[in-house]
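Okay, structure first, notes after.
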Amino acid sequence: MTDASRIPADTSRRSQLLAIKLGALVDEHFGPRQSGATGADAETFATGAALLRDGAAWVLIDGRADRSLGAALVWAVRRSATHLHVIAEHDTGLLARRATAFSLPITVWFADGRALLPAIAEPLPTRRAVPEEHEALRSMIVEAGATPNAEHGVLFGEVRGLEVCRVVASPTTGFLGEVSELARADDDGVRLEVGVGAADREAFQMLHGEIPTVAALADIVSTVQAHRSTGSPQHPLNRLGIERFLRWQAEETPVLVGCTELTPAEPPVPRPNLKDPVPCVARGVRPDGSPARVVFSSGVDLDALPYVADVQAMGDEPVVLVLPARDLLPIVSEVAGLLERPVTVVGLTSASA
1 MTDASRIPAD TSRRSQLLAI KLGALVDEHF GPRQSGATGA DAETFATGAA
51 LLRDGAAWVL IDGRADRSLG AALVWAVRRS ATHLHVIAEH DTGLLARRAT
101 AFSLPITVWF ADGRALLPAI AEPLPTRRAV PEEHEALRSM IVEAGATPNA
151 EHGVLFGEVR GLEVCRVVAS PTTGFLGEVS ELARADDDGV RLEVGVGAAD
201 REAFQMLHGE IPTVAALADI VSTVQAHRST GSPQHPLNRL GIERFLRWQA
251 EETPVLVGCT ELTPAEPPVP RPNLKDPVPC VARGVRPDGS PARVVFSSGV
301 DLDALPYVAD VQAMGDEPVV LVLPARDLLP IVSEVAGLLE RPVTVVGLTS
351 ASA
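In the working numbering, the protein residues as written are 1 to 353.
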């Protein structure tokens with residue numbers, strides 16, 4: 001159990017308030033717990049509060065909710081709930097879309113003050129093509145030794161799954177204070193920026209802007225390759241994008257995931273940043289020639305299965321979820337069994353950069 005004395009006072013207080021809020025919302029909209037009814041008072045939850053009332057699980061999400069459905073499902077499954085209600089103020093359309101993929105009944109509510117409104121499932125984002133003027137810089141990525149990739153209209157270069165450059169329509173600014181104004185003055189349109197993430201690209205331009213782009217990128221490629229290999233000592237460059245390193249490994253040896261060919265594919269939703277772990281997707285060809293989609297994740301990613309639900313919605317191909325073997329916990333298979341469409345779960349033993 002968590003030692004309450006070690007939880008910051010403000011965090012503990014907020015958790016208590018969220019638990020009180022959830023209990024009040026359920027009482028107000030669905031009636032207070034009757035004498036003798038089953039269930040307990042609301043308790044703290046990883047990203048909010050949760051309670052069990054007459055066999056139904058209620059989960060209140062605090063703040064960003066796009067990667068919270070998995071944790072809510074796990075909470076409900078571990079309490080043998082027959083229905084899951086998720087209350088949130090953000091991302092409810094996405095949650096409602098993913099909720100339809102599970103056999104456990106899930107209702108998503110949008111919280112507007114003290115009002116609860118049924119959330120409407122939003123469609124998957126429309127696929128965007130990379131602009132032609134951006135595609136013109138693809139050859140520079142290849143020349144420097146990086147692997148070009150494109151997702152949701154954005155062209156970038158990777159080294160063993162780590163993004164090291166990106167084509168942008170205007171300079172990346174705003175991360176380093178007053179430097180932003182200088183960058184705007186020199187804006188000459190589409191360019192290939194070098195760096196791992198937006199802040200790093202801005203800093204690299206400040207410090208090494210005089211180096212030709214291809215030469216600068218080639219140097220970064222060499223550095224990243226040295227750190228992103230199985231057995232390399234721990235380093236910031238191999239702690240980022242582990243799921244994409246896993247995909248790169250499978251591309252090199254597709255038989256690891258039951259395929260003869262494997263290529264990166266666009267994810268169902270854009271990746272928000274490089275820092276937070278988010279699953280990635282590949283298209284595979286099986287030995288019999290049939291197609292498959294393969295989802296790669298890492299760590300104890302409770303939201304991997306709701307993400308798989310979005311990937312399933314992208315097409316009719318069977319979907320395989322790949323995790324490092326050490327992260328393949330029993331609860332993953334249990335939640336996978338709740339998907340209406342079956343998913344194969346595979347654990348890889350070689351899964352660290």
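No residue lacks a Cβ here, since even glycine has one placed at the ideal position from N, Cα and C.
Check	Outcome
Once DSSP output is grouped into helix, strand and coil, what is the label at PRO74?	Before going further, note that residue 74 is Val rather than Pro in the sequence given. If DSSP states are grouped into helix, strand and coil, VAL74 belongs with the helices.
Kindly indicate which three-state DSSP category ARG191 falls into: helix, strand or coil?	strand
Taking just the CA atoms, how far does HIS85 sit from GLU43?	15 angstroms
Who are the Cβ neighbours of GLY93 in its own chain at under 8 angstroms, not counting the five residues just before and after it?	ALA119, ILE120, ALA121 and GLU122
Check this for me: beta carbons of ALA129 and GLY153, under 9 angstroms apart or not?	yes
How is GLY93 classed by DSSP in three states: helix, strand or coil?	helix
Check whether the Cβ atoms of VAL74 and ILE87 sit closer than 9 angstroms, and answer yes or no.	no
Of all the alpha helix (DSSP H) runs that stay within the bounds of the segment 207-286, which reach a length of 4 or more residues?	213-227, 236-239 and 242-252
Name the DSSP beta bridge partners of GLY48, please?	PHE45 and ILE61
Quick test of your reading: VAL196 and LEU274, contact by CB under 8 angstroms. State the CB separation rounded to the nearest angstrom.	6 angstroms
As an exercise, report each continuous beta strand (DSSP E) stretch of at least 3 residues that is fully enclosed by the segment 77-149, in chain order.	83-88, 106-112 and 115-118
Alpha carbon to alpha carbon, how far is SER229 from GLY284?	23 angstroms
Opposite PRO324 in the DSSP bridges: which residues?	LEU348
Measure from the C-beta of ARG127 to each C-beta in chain D and report whether the shortest distance is under 9 angstroms.	You won't find chain D in this structure, because it holds only one protein chain.
Do you know whose CA, among ALA76, VAL214, LEU305 and ILE61, lies nearest PHE110's CA?	ILE61
In three-state DSSP terms, what is ALA56?	strand
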